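These protein sequence lines are chains A and E, in that order.
Take 47 as the starting number for the first sequence in our numbering and just add one per residue.
Take 71 as the starting number for the second sequence in our numbering and just add one per residue.
Glycine is no exception: its CB is placed at the ideal position from the N, C-alpha and C atoms.
Here the structure is a predicted model, which means the values were calculated and not measured.
Down below is the structure, laid out as structure tokens.
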Amino acid sequence: MTAMVRAEGVTKRFGPVEVLKGIDLTVAPGEVACLLGPSGSGKSTFLRCVNHLERIDGGQLSVDGELVGYRRQGDRLYELKAREVAVRRRDIGMVFQRFNLFPHLTALGNVTEAPVRVLRTPRAQAREEALRLLDRVGLADRAHHYPSQLSGGQQQRVAIARAMAMRPKLMLFDEPTSALDPELVGEVLDVMKGLAADGMTMVVVTHEMGFAREVADQVAFLDDGVVVEVGPPDEVLGRPRHERTRAFLDKVL
Amino acid sequence: MTTTDTPAVRVVPVRHYGRWLTALVVAGLAALFLRALLTSPNLEPGTVAHYLFQDYVLDGVLTTLWLTLLAMVLGTAGGILLAVLRLSDNPVLRGVSWTFIWVFRGTPLLVQIIFFGFLGALFPRITLSVPFTGTVLFDRPTSVVVTGTVAAVLALSLNEMAYAAEVIRGGILAVDGGQTEAAAALGMSPTLTLRRVVLPQAMRVIIPPMGNETITMLKSTALVSIIAGRDLMTAVQSVYQNNYKVIPLLVVAAIWYLALVSLLSAGQWLVERRFGRGFARGGVR
């Protein structure tokens, strides 16, 4: 079976700083992978590389068998044009730490925008599906509210519905609960657990150890641009083999 | 009863003696000025009333209005283009846009208006031909093509483009980068992102200064009277050059400009409310 995400020796530098020093990671379809690690370890950068928000400098990265950001022809890699990259991104949903909802559109408008404009879904159908998605994240009664009228937790749930409206085969979460008040974290994690239970392939950068332990199929601990340790959550979180993993877990648990 | 018994106390607000005195003095001065203005025999309210609704004055008002409208529409469209060029990754396009803005913002509008009025002195003929074939599609003397009105529209809209470009560029830059990323992650192309995500949000920042630009433009149209642009100012000038009633006719012009600007301000308020949707302060109704 084709891996949903396959990274081999992925490197990325910002100027003189090498942020990713050769990341290897494979995520199978239907799997939930959690990326843990201290800030500056490169986990968010790697996640952004997966849908080409950042361009990788070396190694190979593919999603569902297709190279991210490049097209292979013979023995050459051609960089994709912005328009072609946009087409590839349709299948990859992303949820951001700071929600990034469109403030000039209602919750419903946020969810229908991409299906209507990108996939050319008929407006009535997109609206119906959007209402179903909003209902699923528990916000059916907030459809006509603007983001500024919603709490952080509600905004993040709208953001999840917005990403799901494109029917992605892969969902990326970049610290989805880090900007939330503690009492609002649970409602977002519950929605994410629901997605995982439905078989959505997810890569989640998070500091929520409880979520990782309960939902993840594999946990990768990143530090200083490399994957230090990867495995099932009870192994990596319960019996870490590396000193660096242990030191990190001691601090956060 | 747990409340303590306190004797009734009278609260005396601060007495703003200085404020009262200032108000009195300023009101007095204003009254004096108004009296001087209204009792002046040269103001001639009757003459003002006589000319206010004359056909050629109304024609001038109409010309001023559509000149403003056309210059603003062309100026805004060109401004969007220039702003996008200035933010482009292509250094040549960036340079062209920068130079255009540099020239048109760096020279007086009056100079530009006269320059376009005398364009024929620089390029006597305007010719459009297919290269290397000798086929001429269009060939006319410049003075026939670029009439006073055309020169006025050209000068005003090219000048406006330069200013609008800077306002629009500022608006685009004010939109949070996370918005572009979110749109990209949804598979939206750069053009679609600009049109549906960035510009609608930039509008909120762009509209107040563009309202100012429109008001400034309405008044700047008066400058085209120098090349006989047929606007309101040209109309009143041609009257007072004949009958020497300079002040009453300037008052006629001032009344019209003031009325039009008031209308524009009301329009601006409505548009601002429309694009403020979704933004808590003053936005959501």
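Flag residue i as yes if its beta-carbon sits less than 8 Å from any beta-carbon of chain A, otherwise no.
i: E/R344; result: no
i: E/P115; result: no
i: E/S259; result: yes
i: E/P270; result: yes
i: E/L243; result: no
i: E/R347; result: yes
i: E/V341; result: no
i: E/G248; result: yes
i: E/L256; result: yes
i: E/L262; result: yes
i: E/V131; result: no
i: E/V275; result: no
i: E/V354; result: At E/V354, the pLDDT of 41 sits below 50, so the modelled position is not reliable; the number obtained from the coordinates is stated separately. For E/V354, the answer is yes, since a Cβ of chain A falls inside 8 Å of its Cβ.
i: E/E230; result: no
Is the CB of residue i under 8 Å away from at least one CB in chain E?
i: A/E112; result: no
i: A/R90; result: Checking the sequence shown, residue 90 of chain A turns out to be Ser, not Arg. It does not; no Cβ of chain E falls within 8 Å.
i: A/V251; result: no
i: A/L241; result: no
i: A/L99; result: yes
i: A/A189; result: no
i: A/E159; result: yes
i: A/L151; result: yes
i: A/F148; result: yes
i: A/Y192; result: yes
i: A/F267; result: no
i: A/V73; result: no
i: A/F219; result: no
i: A/R203; result: no
i: A/F257; result: no
i: A/D164; result: Before going on, a small fix: residue 164 of chain A reads as Val here, not Asp. Chain E, which has a Cβ nearer than 8 Å to the Cβ of A/V164, makes this yes.
i: A/M238; result: no
i: A/R178; result: no
i: A/R135; result: yes
i: A/R144; result: yes
i: A/M212; result: yes
i: A/M50; result: no
i: A/M140; result: yes
Which residues share a DSSP beta bridge with residue i?
i: E/F103; result: Bridge partners of E/F103: none, in fact.
i: A/Y124; result: A/R117
i: E/S199; result: E/V206
i: E/L94; result: Paired residues: none, contrary to the question.
i: A/E54; result: A/Q106
i: A/C95; result: According to DSSP, A/C95 bridges with nothing at all.
i: E/P161; result: Partner(s): none; E/P161 has no beta bridge.
i: E/P211; result: E/R195
i: A/R59; result: A/E64
i: A/E112; result: A/V109
i: A/V78; result: A/M248
i: A/D269; result: A/V272
Is any non-hydrogen atom of the ligand MN found closer than 7 Å to the C-beta of residue i, if you look at the structure I gave you?
i: A/G86; result: Ligands in the displayed structure: none, and consequently the ligand MN is not present.
Give the C-beta separation of residue i and residue j to the nearest angstrom, bearing in mind that I take them to be a contact with Cβ-Cβ under 8 Å.
i: A/E2; j: A/V251; result: Residue 2 of chain A falls outside the range modelled here, since chain A spans only 47 to 299, and no answer is possible.
i: A/G105; j: A/D269; result: Incorrect: roughly 18 Å between the Cβ atoms, too far for contact.
i: E/G225; j: E/F186; result: In the sequence on display, residue 225 of chain E carries Ala and not Gly. Their Cβ separation, rounded to whole angstroms, is 4 Å, which keeps E/A225 and E/F186 in contact under 8 Å.
i: E/L180; j: E/A221; result: Their Cβ separation, rounded to whole angstroms, is 13 Å, which puts E/L180 and E/A221 out of contact at 8 Å.
i: A/L179; j: A/M210; result: 5 Å
i: E/M258; j: A/A132; result: 6 Å
i: A/S194; j: A/L230; result: No, A/S194 and A/L230 are not in contact; Cβ-Cβ is about 16 Å, not under 8 Å.
i: A/L151; j: E/G348; result: 7 Å
Is the shortest distance between the beta-carbon of residue i and the beta-carbons of chain D less than 8 Å?
i: E/A141; result: Although the question refers to chain D, the structure presented lacks it and instead comprises the protein chains A and E.
Inset, instruction - Examine the Cβ distances between the segment 267-279 of chain E and the segment 293-313 of chain E and report whether three or more of them are shorter than 8 Å. - result: no
Inset, instruction - Please confirm if the segment 199-217 of chain A is in contact with the segment 136-150 of chain A, defined as three or more CB-CB distances below 8 Å between the two stretches. - result: yes
Inset, instruction - Pair every Cβ in the segment 143-159 of chain E with every Cβ in the segment 185-205 of chain E, then say whether three or more of these pairs are closer than 8 Å. - result: no
Legend entry - Residues of the segment 156-181 of chain E whose Cβ lies closer than 8 Å to any Cβ of chain A, in chain order: none
Legend entry - the segment 98-115 of chain E contacting the segment 272-290 of chain E, beta-carbon criterion three pairs below 8 Å: No contact exists between the segment 98-115 of chain E and the segment 272-290 of chain E.
Legend entry - Sufficient close CB pairs (3 or more, under 8 Å) joining the segment 113-131 of chain E to the segment 321-328 of chain E: Contact between the segment 113-131 of chain E and the segment 321-328 of chain E is present, because at least three Cβ pairs lie under 8 Å.
Legend entry - Cβ pair count under 8 Å reaching 3, the segment 245-262 of chain A against the segment 67-83 of chain A: yes
Inset, instruction - Determine which residues of the segment 281-302 of chain E have a Cβ less than 8 Å from any Cβ of chain A, and write them out in chain order. - result: Against chain A - using a Cβ distance shorter than 8 Å - the segment 281-302 of chain E contributes no residues.
Legend entry - Cβ contact check for the segment 328-336 of chain E and the segment 164-182 of chain E: 3 or more pairs under 8 Å: no
Inset, instruction - Could you tell me whether the segment 176-194 of chain A touches the segment 95-112 of chain A, where touching means 3 or more Cβ pairs closer than 8 Å? - result: no
Inset, instruction - Please name the residues in the segment 140-156 of chain E whose beta-carbon is closer than 9 Å to at least one beta-carbon of chain A, in chain order. - result: none
Legend entry - Contact between the segment 58-72 of chain A and the segment 110-127 of chain A (3+ Cβ pairs under 8 Å): Between the segment 58-72 of chain A and the segment 110-127 of chain A, the count of Cβ pairs shorter than 8 Å is below three; the stretches do not touch.
Legend entry - Short-range partners of chain E found in the segment 108-132 of chain A, where Cβ spacing is below 7 Å: A128, R129 and A132
Inset, instruction - Below 7 Å between beta carbons is the criterion; list the residues of the segment 52-78 of chain A that meet it against any residue of chain E, in chain order. - result: none
Inset, instruction - Inspect the CB distances between the segment 288-297 of chain E and the segment 137-144 of chain E and report whether three or more fall short of 8 Å. - result: yes
Inset, instruction - Please confirm if the segment 237-252 of chain E is in contact with the segment 146-155 of chain A, defined as three or more CB-CB distances below 8 Å between the two stretches. - result: yes
Inset, instruction - Please confirm if the segment 240-249 of chain E is in contact with the segment 120-132 of chain A, defined as three or more CB-CB distances below 8 Å between the two stretches. - result: no
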